[in-house]
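Okay, structure first, notes after.
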Amino acid sequence: MTENSGAIGLFGGTFDPVHNGHLRVALDALDGLGLAEVRLLPARQNPLREIPGASAEQRRDLLVAAVTGEPGLRVDARELERDGPSYTVDTLASLRDELGATQPLVLMLGGDAFTGLTGWHRWRELFDLAHVVVLQRPGHTAKLASELAVETDARGTSVAADLHAQAAGRVMFWRVTQLEISSTDIRTRIAAGRSIRYLVPDPVHDTIQRLGLYRAADPARARA
Ligand code: ATP
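Heads up: the sequence shown begins at 5 in my numbering, then just goes up one per residue.
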């Protein structure tokens, strides 16, 4: 058993831009799993997108605008501040260093990402550093590689309290109802001159409009 103020959820993504689908999942996890907070971690992005994206700083600013006023959600931009590739194992190690060995950490991963976990850099070490909650869409069950299935069987739990009782190492499949919203769709709508209101929080909508983000190809736009 550990003494702490509750498990911390970690939800990574490109967030280009953040939308209500992301925020609903983060809030559902906060409430449903009894987390102390959920951190949204913007990733460095692939510079070869077909539709213009926002710079790293703009994506971070949009996230900050999205979570302002929601005390359980916060932005952690450490991956943007680090040079070179952002491996999740490195991000978790840096959080572990900062927060201490006993702080429960919960890495939130989509079902697709989890299925591909064995291709990740030093993937087995992820379980030493954090719990993994796999966000499963109702009706979708993933076929896991056998070595991942072995890990999952050994570590599996369906009880949220287990995520608070130790710092790392459990795997939980958790059903979330996804809203049918994607960043790709939002970028496409803006590029086509259509509204994105009610798909993103109003402060995100207003910031995107004010900065003229995602409107048209602009090779000079800063990327990260
Ligand atoms: P893109 O359309 O650019 O691929 P995205 O909308 O999928 O972006 P990401 O930043 O790539 O957003 O996603 C970050 C995380 O949020 C991923 O784990 C992804 O599975 C999850 N996610 C994305 N959209 C939703 C949604 N509508 N509901 C729940 N989770 C979502």
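For glycine and all other residues, C-beta sits at the position ideal for the given N, C-alpha and C.
For a test of the three-state rule: what should DSSP assign to residue i, helix, strand or coil?
| i | result |
| --- | --- |
| A228 | Low per-residue confidence applies at A228: pLDDT is 39, beneath 50, and the placement is therefore not dependable, though the value from the model is reported in the following sentence. Coil. |
| E41 | strand |
| I185 | coil |
| I12 | strand |
| H23 | coil |
| P207 | helix |
| L217 | coil |
| G36 | helix |
| G88 | coil |
| G104 | coil |
| G197 | coil |
| G115 | helix |
| G17 | strand |
| T6 | Only weak support is given to the placement of T6: the predicted model assigns it a pLDDT of 41, under 50, and the question is left unresolved by the model. |
Taking 8 Å as the cut-off, is the beta-carbon of residue i closer than that to any non-hydrogen atom of the ligand ATP?
| i | result |
| --- | --- |
| T188 | yes |
| V29 | yes |
| L183 | yes |
| G25 | yes |
| L66 | no |
| T18 | yes |
| D80 | no |
Is residue i near the ligand NAD, with its Cβ less than 8 Å from a heavy atom?
| i | result |
| --- | --- |
| F15 | Looking at this structure, you won't find the ligand NAD anywhere; what it does contain is the ligand ATP. |
As an exercise, report each continuous alpha helix (DSSP H) stretch of at least 4 residues that is fully enclosed by the segment 132 to 179, in chain order.
150 to 159 and 165 to 169
Review point. Which ranges would you report for the beta strand (DSSP E) in the segment 52 to 79 if only whole runs of at least 3 residues count?
Key: 77 to 79
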